[in-house]
Every structure is written in structure tokens, then in C-alpha cells.
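Step one of this worksheet: look at the structure below.
Numbering (my numbering), first residue to last: 604 to 1085.
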């Protein structure tokens, strides 16, 4: 049975259980089970490689000891074991090691939704069929896991956690993170930017085992909500990260702005902060008066600027409103352009994030340490023959290849203006009161014709419709009279 077929069969079993209500609960249920299986496979490998290694999970709760036997515990006994022993113990696990802390953070707010022990045994037996120490099987499952994360787009409003893979991959390629650099995603969702950065570094920069260790040691991430945090931690294990405890279950914005010290500055930020959302009361008071707002994306932008080291670089997804907004937004853009070189803005059509968001979005690329002199804009257009992106026809990395080809060197050297690319000076932006919502000057406005002619055509059409209506009335009247 292929891994894809296997995962589908697991989801079909779960649909029969009365306790699992909807996609989000089913994905959450799948995730804690996958997590226990993946971490146990990883534990067994580490036990062979290191004499001193001990799993953070108590022996009776390790997957191999309660789940691996297909004829093992089932029905009410399994239900009681999971609800009365497994969950309470893992939720209260003493975080003596980073790995133990990871296990506890995953289970802190997790739940067992399944009510049938028999159905749970069927699911457990299916999951046990995947060997996560088999590299090809793990890679294949990684693709399936991406699909599970993609499924979140239809799981109520859980789609907010998912950034299209093409967008994360493009941003990562342009930023080019390297082992030895610290990389942060302060609102990491299901870990899309982290997995893209890991893949990018392994493909281009990791040459020796020590490079891999240095790369993993440089990762930093935070996620506020329980479900995406659990999905992201599992994603890290799946991508061969031994210690995902760097991925904290917390709200980055809940900490006072001034408390972030120089020793916590990072080289790279890759993120898609939540936008359109409002922070709870009191969060804005963590920020200086002139940056105070309850708009989540604005607060993240202020913090990202602070958290970058001199020479540090960032790629951030922001909505159109951040570009043209006034008040705090204006002060933020002024601060951004004074502290950083905002060298590139890629303008995306509003269908990129469908179906759960249909607003225009932008990719902002900037480097801290020198003020902005010029900003390059690139307008991404939906491929020819396609009106918009959709769930069935989403944006793909090759759709952004023309922008990557135009990009130029590390300092954007070699760029030229085209019908898709244009340059605006910092002085022009200041004259516009820091309104960055700058349209493509090479786009020719569609010619709708002379207004007087259009009005005349409309009047003639209306008269024609009225005449046809009168004719129809006459025919009906005549028919009724007969």
C-alpha cells in the first residue's frame, strides 16, 4: 500500500468515529499519533547511535510498547490507557531535557478526540506500517504531510497557518540562509519557512555533518496556537531535526519590545505574520507609544526591525493595507526605511492566498544597517490563460522564475526596469507620505472608449430593450384576447 493510500485509509477510519468532528480535529488527532510514532522511530535510531541516549518518554508510553503489536490493547482498555495514562503523563512530563520539553509542549493542549477504542486500534495499526527511519519512506511521507497541511485550507479558518509552498520557497531562495546564521520565524504556523530553509541549506550549503549540526543550532521559531505548533514540531522531526525544542509554543508579541536584547538579534527573518487580526487587550502596551496598535502585522513588523542584527536580512509577507495605511503604519514605514534598506517589494495578485484570503499581498525584502535609497518593485502576474489562482490551480514556484531570473546579485546589482519591474527613490516615497502602494507605471490602462460615445450607446441599447418589451407585451395581449 502506498503512503498516500495509507493516509487516506486512516482518514476514512476517523470519519467513522463520532468523537472526531471536522477536518481540524481529524488533523489534530492524526498529528499527535504521527508525532509519537516518528519520535519513537527517531529514539530507536538514537539509542543505537549513542550509548548514553535515553528517550524522554516513559517506557510504557513509548509507541513500540503499546502500539506496535497489531493484536495489542484495544477497545475500552485502549481508550482508558490513552485518556487516563498517556495524555496526563505526557502533559505533566518534567522538561528535564530539550526533547522532553518538546514532548510536553506538543501534548500540553492536545486532546484525544476519538471515542471508539476499536477504531483507534485500526488507525494505530495503519500508522505503525510507516517506517520513519527508512529515508525514502520518510521523504514520501513528507510529501503527504505537506498535503495534510494543505488540507488545513479547508479546515474552517485554520488556513491562516498555511503559506503556499511556492511563496515560502521563493522567499527562502532570495534570502539564501546559511549554516552559522540564526534564522527566526516569529509566527511560524506549521513550519513552512523552516522546512524550506532546511531544504535550501541542505541542498546548497550543508557539506559536512558539522554543517548540519550548526544549521539546526541556528533555527528559532515561535507559534502562538496549539494545533499549528503541534503540526510544526512534527514537521521538524519529519525533516530530521533531532531537537525541535527551539520551536516555542508562545506569543512573540506578549514580551515587551525593549526586553529583546542584543544577544537575541538574528541574521535572517522569514515569516508570514498573521494579518487582518487584532491582538488582545494589553499586547500593544508592550510596544513604544508611536508603534502602538492592535493590528498584528504592524506589531510584528516593528519587532522584526528590532530583532535583526546589523547586516541581517528579512523577507516578510504583508497585505496591501500595510503599504498604503496611515497613522502607525506611516510611522512604521518611515522607521523601516530609516533603519533598513527596503530594496525590493514583490506585488502579488489577490488570488495567491485563496480560498481563505482574497486580498492583495506583498513580499517585502530588506536588510538592516543602512537607510533605503531606492525601492525596486516587481509585479507578479497570473500565468497567461489563467484568470486567477485557486485551490485546484495554485501558484507554483516556476511561476516566480522570471522574478528570480531578474533579481540580480546579492546587492541587487544588474537589475533593469521592464514592463514588470520599476524603481522608486526614497525621496519619492517620502513625498508620498510613505505610501508604498505604487502601481506599475508600465501598465497601460484599458481603453474603454470615449465617455460621450459610451453614454450614447447605452441610451440606444436601453431604447432597443424598451421597444422589445413593448413588442412582447403586444404579443402576449393578443394571445390572451384569443
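Virtual Cβ for every residue (Gly too), placed ideally from N, Cα, C.
Helix, strand or coil for residue 943, going by three-state DSSP, please let me know. For this step, residue 943 is matched to residue 340 along the chain shown. If DSSP states are grouped into helix, strand and coil, residue 943 belongs with the strands.
Just how far apart, CA to CA, sit residue 761 and residue 690? As a position in the chain shown, residue 761 is number 158, starting the count at 1. As a position in the chain shown, residue 690 is number 87, starting the count at 1. Note that residue 761 scores 41 on pLDDT, short of 50, meaning its location in the model is unreliable; the coordinates nonetheless yield the value given after this. If I take the Cα positions, the gap works out to 24 Å.
Among 979, 1013, 669, which residue has its Cα nearest to the Cα of residue 1024? Position 421 of the chain shown holds residue 1024. That would be 979, whose Cα lies nearest to the Cα of residue 1024.
For residue 855, I'd like the list of residues in its chain whose CB is within less than 6 Å of its CB, leaving aside the five on either flank, ordered along the chain. Here residue 855 is taken as the residue at index 252 of the chain shown, counted from 1. Hits under 6 Å: 789, 825.
Where residue 808 falls: helix, strand or coil (DSSP): One-based indexing of the chain shown puts residue 808 at position 205. DSSP, read as helix, strand or coil, puts residue 808 in coil.
Could you give the distance in angstroms between the alpha-carbon of residue 908 and the alpha-carbon of residue 971? Residue mapping note: residue 908 aligns to position 305 of the chain shown, counting from 1. Residue mapping note: residue 971 aligns to position 368 of the chain shown, counting from 1. The alpha-carbon atoms of residue 908 and residue 971 are separated by roughly 7 Å.
First through last residue of the beta strand (DSSP E) which encompasses residue 968: Locating residue 968 in the chain shown gives position 365, counting from the first residue. Here the beta strand (DSSP E) through residue 968 covers 964–971.
Residue 924 lies in the alpha helix (DSSP H); which residues open and close that run? For the purposes of this step, residue 924 is identified with residue 321 of the chain shown, where counting begins at 1. Taken as a continuous stretch (DSSP letters only), the alpha helix (DSSP H) holding residue 924 covers 923–927.
Is it the case that the Cβ atoms of residue 699 and residue 631 are separated by a distance below 8 Å? Residue numbering aside, residue 699 sits at position 96 when the chain shown is read from its first letter. Residue numbering aside, residue 631 sits at position 28 when the chain shown is read from its first letter. In this structure, residue 631 does not lie closer than 8 Å to residue 699 by Cβ.
What is the residue span of the alpha helix (DSSP H) that residue 994 lies within? Counting from 1 along the chain shown, the entry for residue 994 is found at position 391. Neither: residue 994 is in no alpha helix (DSSP H) and is coded neither H nor E.
Can you tell which of 687, 774, 706 has its C-alpha closest to the C-alpha of residue 951? Here the question's residue 951 lines up with position 348 in the chain shown. With distances taken between Cα atoms, residue 951 lies closest to 774.
Count the other C-beta atoms from every protein chain shown that fall within 10 angstroms of the C-beta of residue 1037, then say buried if there are 16 or more, exposed otherwise. Stepping through the chain shown from its first residue, residue 1037 is reached at position 434. By the Cβ neighbour-count rule, residue 1037 is buried, with 16 or more other Cβ atoms within 10 Å of its own.
Fully enclosed by the region 857–918, which beta strand (DSSP E) runs are 3 residues long or longer? Look at the region 857–918 and you find these whole runs of beta strand (DSSP E), each 3 residues long or longer: 869–874.
By alpha-carbon positions, which one of 1071, 622, 609 ends up nearest to residue 747? Looking up residue 747 in the chain shown gives position 144. The shortest C-alpha to C-alpha distance from residue 747 to any of 1071, 622, 609 is the one to 609.
Have a look at 882, 673, 734 and flag the residue whose alpha-carbon is nearest the alpha-carbon of residue 1096. What the structure shows of the chain is the stretch from 604 to 1085, and residue 1096 is not part of that stretch, so it cannot be assessed.
Per DSSP, which one or two residues make a beta bridge with residue 920? Translated into the one-based positions of the chain shown, residue 920 becomes position 317. BP columns for residue 920 point to 966.
When the Cβ atoms of the region 693–707 are set against those of the region 727–739, are three or more pairs found closer than 8 Å? Output reads no: the region 727–739 does not touch the region 693–707.
Among 1002, 877, 1001, 964, whose alpha-carbon lies nearest the alpha-carbon of residue 900? Working through the chain shown from its first residue, we reach residue 900 at position 297. The shortest C-alpha separation from residue 900 is found at 877.
Going straight from the alpha carbon of residue 715 to that of residue 707, what length do you get? If you number the chain shown from 1, residue 715 lands on position 112. If you number the chain shown from 1, residue 707 lands on position 104. Put simply, the backbone Cα of residue 715 is about 15 Å away from that of residue 707.
Between the beta-carbon of residue 786 and the beta-carbon of residue 823, is there less than 8 Å? Counted from its first residue, the chain shown places residue 786 at position 183. Counted from its first residue, the chain shown places residue 823 at position 220. Closer than 8 Å, so yes.
Cβ of residue 967 within 8 Å of Cβ of residue 998? Here the question's residue 967 lines up with position 364 in the chain shown. Here the question's residue 998 lines up with position 395 in the chain shown. Against a cut-off of 8 Å, the Cβ pair of residue 998 and residue 967 comes out as no contact.
State the DSSP-derived secondary structure class of residue 759, mapped to helix, strand or coil. Counting from one through the chain shown, the residue named residue 759 turns up at place 156. Only weak support exists for where residue 759 lies, its pLDDT of 43 falling under 50; the value from the coordinates is given anyway. Looking at residue 759 - three-state DSSP - the assignment turns out to be coil, as it is neither helix nor strand.
Apart from the five residues just before and just after residue 842, which ones in its own chain have a Cβ nearer than 6 Å to its Cβ? Numbered from 1 along the chain shown, position 239 holds the residue referred to as residue 842. Counting only Cβ-Cβ distances below 6 Å, and skipping sequence neighbours, we find 798, 801.
Looking at residue 927 and residue 873, is the spacing between their C-beta atoms short of 8 Å? What you label residue 873 is simply residue 270 of the chain shown in a count that begins at 1. What you label residue 927 is simply residue 324 of the chain shown in a count that begins at 1. No.
Secondary structure, alpha helix (DSSP H): runs of 4+ residues fully inside the region 800–847: Given a length threshold of 4 residues, each whole run of the alpha helix (DSSP H) inside the region 800–847 is given here in chain order: 812–820, 829–841.
Can you pull the DSSP bridge partners for residue 852? Taking the chain shown and counting its residues from 1, one reaches residue 852 at position 249. Paired residues: 826.
Taking the beta strand (DSSP E) that residue 1026 falls in, what are its first and last residues? Locating residue 1026 in the chain shown gives position 423, where the first residue counts as 1. Start and end: 1024–1028.
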